[in-house]
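Novice: My structure is below; once you've seen it, I'll send some questions.
Chains as they are written, first to last, in this note's numbering: chain A, 1 to 477; chain B, 1 to 442.
Laid out in structure tokens, this is it:
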């Protein structure tokens, strides 16, 4: 592995402003991990470009020295996607945070990759538009990070994930070359390289700018909170709603452990005795909404809901969503550490997978809460542990793996929106054959033949036994 | 050039005479027979003749793997064909071997509660939708004449229709794929769940790749509920600009199903007065339908008529099936939506078009035969109109006599094209998959 020497460091300082190069160990400690806190590794240097030209110059300099790098947005990822693995340089896009162009007539925004997700919607909200992908971390996470991970959020049930909302990209290849991909519409000219870069977890270079689609705000919403005696009944209700032909904009579930944590943190009036709640959001024309909401209320009641509450106003709706989107933060009060998983199963397998998770929780003697994008079959089991106890860390990792394996056995996926990162790289071979992985590697090499952009991610090394039970580089606490 | 490996090696130059000789040789026919069974190697019919010199009809993925292996060894160019309309419209010369997917056309699984469907690539969109309609669901993509468009063609040629406004395109709905790639390997990407970001997105790569990266054998799509009711408002305008202005107002006001404008020549079936027709599709519950009908009447000052129920659906199907493939010259233009009216105007007043007004995409055509020189000028004008509006243009079909002088695809910018060439070289190192008719000669 090549290292960053003084000469290269001087070059980088010349390209960036003095505050654009961070190399002091104490300052770098902040960047040792993302939301996947099980593994930690500090980069040798952190680079903070302000422009595409600077970023291109940095990458060209690193290229000449054969140095690998890891891109980073806000570090809110949950799979260790920006954990440096044999990558001495970390490049953070947080200073590239301008919204370059707002074009409401054509419903699009051009934003630099360091722009915070929610800032896009905030910039157009007053005119009745929004940017659809809404990950729970949207107050902090960046557009660049969303593109790398192909992020979703509660409203993907109706609107799809990030890849459905990106028209064009400016990408800096690992050798510093700047390329423009995509165009004015979904009609691509040639191969859909935008589609290849979105979700590639930063292994194809660094996105510096994106043209994003905007959506028109719906006329109105109805947000329902339905409480159930147990998780089984709640997931049954999910199937009943889908079977009725009504597709909500969002269909979210929280189990008892999460409900109690959220209620303790935010006091939003969730029923503490419930085994699970569903947040069901319908949106569209006011003319149809009341009838749809009544029908959904009837369906969930018939499916066994103990209570159904309709948010009376925007304030109550906002409160429910605050509870949902900050659920993970609330869990932080229950244990020193938690690891959020991201499995997917066919919707109809939700009852089965929740039973598996309950069983795993018992056998590994760990508390596991569940937050689900139930409408998509996307589950986020939250495994609570204490990182000071190595045995708990090991059990937390094993428990997560067992859950993901079960997802795949049910015809599901390792990840619905968080990405493979380092967390799930060991399980890729459960989902994909060696031929699949070889072709994916060939695709990666089109952009990054030397594998210098975020090395060690997405594709397991052939023959390498991936064993992450012990953190790669344990940082003293 | 700064990068060592950026330029793709040139594809092998297959000498046509050699291929013809090889194909007509009895030994090759015997080999094809031995792979797919006798009776399943045949001469091309109708459109197929412009896409391929000979057609084979495999009935298993293993047979496709065998065919790819043989073609790689012998350097025989091949391409998947459905009804062969997409490739027949754009290939300058046929490939040696057309792989018909007619015997790989099974619906493998429909999971109504998961809202997903898995099917082999040879099933048509029409057949698929007929099979799942009983469960109240559909694959909401509506290419022209869906009974002729196989899933393979839908994906490979990126067909879409009026519903793209509300439902997106196959790009948005395709969640899993299997294809036979180089080395005769069966490769899969994605999965059977509606949300999945594991691994690189091979679905996007295959979409719109015109069979140049491999042969798609199976696809998994998200499906959606069929709306309770559908109505179609048809509103005539003397001027295109008025029709587009009305369209933009409506698109801002309502979540419409489709919003299209037909030029007078194409609108004849609906209106005898030679006017531009704005066709506004809307759907939902009876309450939503009533509300939208009222809003539309209100915004358009009660002009035009609203067709409800079956009458609306029948007219929508006529709109959907507006066919640009038989034209002497036809193209699809794609620009930012607000610039579409101006771009179409710049294409000239001799064209007929169907514009998806809310999406910025339109199909345009000239029905009459053009001389090769005229065709070159016309396409240059169309292309200039698209580029002036920051958009793109690709030809859908051109009469065989004028094909050799025309560029069917825009040329991507240099950086993007270099990546595309490397992608092609990586996925098709021998150069057998539908060579020579895609962007930049790929």
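By construction, the Cβ of each residue, glycine as well, lies at the ideal position given by its N, Cα and C atoms. Quick caveat, the model's predicted, so the values are computed rather than measured.
#1: Would you call residue 414 of chain B buried or exposed, if buried means 16 or more other Cβ atoms sit within 10 Å of its Cβ?
#2: Residues of chain B with a CB under 9 Å from the CB of residue 444 of chain A: which are they?
#3: Spell out the partners DSSP gives residue 361 of chain B in its beta bridges.
#4: If contact is defined by three or more beta carbon pairs under 8 Å, each pair taking one atom from either stretch, is the segment 436 to 448 of chain A in contact with the segment 395 to 414 of chain A?
#5: Just the C-alpha distance for residue 432 of chain B and residue 211 of chain B, rounded to the nearest angstrom, thanks.
#6: Quick one: is residue 110 of chain B near chain A, going by C-beta distance under 8 Å?
#7: Which residue from B/367, B/324, B/270 puts its Cα closest to that of residue 307 of chain B?
#8: Which residues in the same chain as residue 423 of chain A place their Cβ atom closer than 6 Å to its Cβ, once the five residues preceding and following it in sequence are excluded?
#9: Cβ of residue 11 of chain B less than 8 Å from any chain A Cβ?
#10: Indicate whether residue 328 of chain B and residue 366 of chain B have their beta-carbon atoms separated by less than 8 Å.
#11: For residue 403 of chain A, which residues of its own chain have a beta-carbon under 7 Å away from its beta-carbon, when the five flanking residues on both sides are left out?
#12: For residue 120 of chain B, does the count of other Cβ atoms within 10 angstroms reach 16, so buried, or fall short, so exposed?
#13: How about residue 490 of chain A: is its C-beta nearer than 8 Å to some C-beta of chain B?
#14: What residues from the segment 183 to 196 of chain B come within 9 Å of chain A, judged by C-beta to C-beta, listed N to C?
#15: How should residue 274 of chain B be labelled, buried or exposed, when 16 other C-beta atoms within 10 angstroms of its C-beta is the threshold for buried?
#16: Within this structure, are the beta carbons of residue 57 of chain A and residue 70 of chain A separated by less than 8 Å?
#17: Curious, which full-length alpha helix (DSSP H) runs of at least 4 residues does the segment 51 to 101 of chain A contain?
#18: Count the other CB atoms within 10 Å of the CB of residue 422 of chain B; is the residue buried (16 or more) or exposed (fewer)?
#19: By the DSSP assignment, the alpha helix (DSSP H) with residue 292 of chain A in it spans what residues?
#20: So, at 6 Å on beta carbons, what are the nonlocal neighbours of residue 7 of chain B in its own chain, with the 5 sequence-adjacent residues on each side left out?
#21: CA-CA distance, residue 32 of chain A and residue 205 of chain B?
#22: With a threshold of 8 Å between beta-carbons, can residue 240 of chain B be considered close to chain A, or not?
#23: Among the residues of its own chain, which have a CB less than 6 Å from the CB of residue 427 of chain A, if the five just before and after it don't count?
#24: Flag residue 365 of chain B as yes if its beta-carbon sits less than 8 Å from any beta-carbon of chain A, otherwise no.
#25: Quick check on residue 195 of chain B: buried or exposed, where buried means 16 or more other Cβ atoms within 10 Å of its Cβ?
#26: What is the DSSP secondary structure of residue 466 of chain A, counted as helix, strand or coil?
#27: Taking only beta-carbon positions, decide if residue 183 of chain A is within less than 8 Å of chain B.
#28: Going along the chain, which residues of its own chain have a beta-carbon closer than 6 Å to the beta-carbon of residue 330 of chain A, five neighbours each way excluded?
#29: Using C-beta distances below 7 Å, list every residue in its chain close to residue 305 of chain A, excluding the 5 sequence neighbours before and after it, in chain order.
#30: Apart from the five residues just before and just after residue 235 of chain B, which ones in its own chain have a Cβ nearer than 6 Å to its Cβ?
#31: Determine whether the Cβ of residue 60 of chain B lies closer than 8 Å to any Cβ atom of chain A.
#32: Who are the Cβ neighbours of residue 444 of chain B in its own chain at under 7 Å, not counting the five residues just before and after it?
#33: Report the neighbours of residue 443 of chain B on chain A: residues whose CB is nearer than 8 Å to its CB, in chain order.
#34: Rounded to whole angstroms, what is the Cα-Cα separation between residue 54 of chain B and residue 179 of chain B?
#35: Can you list the residues of chain A that residue 413 of chain B reaches, using a CB-CB cut of under 8 Å?
#36: Just to confirm, are residue 257 of chain B and residue 230 of chain B a CB contact at a threshold of 8 Å?
Specialist: To lay it out plainly:
#1: By the 10 Å Cβ count, residue 414 of chain B comes out exposed.
#2: The answer, in chain order, is 200.
#3: B/334, B/356
#4: no
#5: Distance between the alpha carbons of residue 432 of chain B and residue 211 of chain B is about 10 Å.
#6: no
#7: B/270
#8: 36, 79, 80
#9: Confidence at residue 11 of chain B is low in this model, with a pLDDT of 43, below 50, so the placement of that residue should be treated as unreliable; the coordinate-derived value is given next. Residue 11 of chain B does not count as touching chain A.
#10: yes
#11: 341, 343, 356, 357, 360, 381
#12: So residue 120 of chain B counts as buried.
#13: What the structure shows of chain A is the stretch from 1 to 477, and residue 490 of chain A is not part of that stretch, so it cannot be assessed.
#14: 183, 185, 186, 187, 188, 189, 190, 191, 192, 193, 194, 195, 196
#15: exposed
#16: For residue 57 of chain A and residue 70 of chain A, no; Cβs fall outside 8 Å.
#17: 52 to 65
#18: buried
#19: 286 to 302
#20: Annotation note: pLDDT 41 at residue 7 of chain B (below 50); position unreliable, no value reported.
#21: Their backbone Cα atoms lie some 34 Å apart in a straight line.
#22: no
#23: 404, 414
#24: no
#25: buried
#26: Because the pLDDT at residue 466 of chain A is just 38, under 50, the model does not fix this residue reliably, and the value given afterwards should be weighed accordingly. It is coil, neither helix nor strand.
#27: Taking 8 Å as the threshold, the shortest C-beta distance from residue 183 of chain A to chain B falls below it.
#28: 261, 262, 265
#29: Within the same chain, residue 305 of chain A has close Cβ partners 226, 227, 228, 237.
#30: 278, 300, 303, 304
#31: no
#32: As displayed, chain B neither begins before 1 nor continues past 442, which places residue 444 of chain B out of reach and without an answer.
#33: No information on residue 443 of chain B is available, as it lies outside the stretch 1 to 442 that chain B covers here.
#34: Between residue 54 of chain B and residue 179 of chain B, the alpha-carbon positions lie close to 21 Å from each other.
#35: Within chain A, the residues near residue 413 of chain B are 179, 180.
#36: yes
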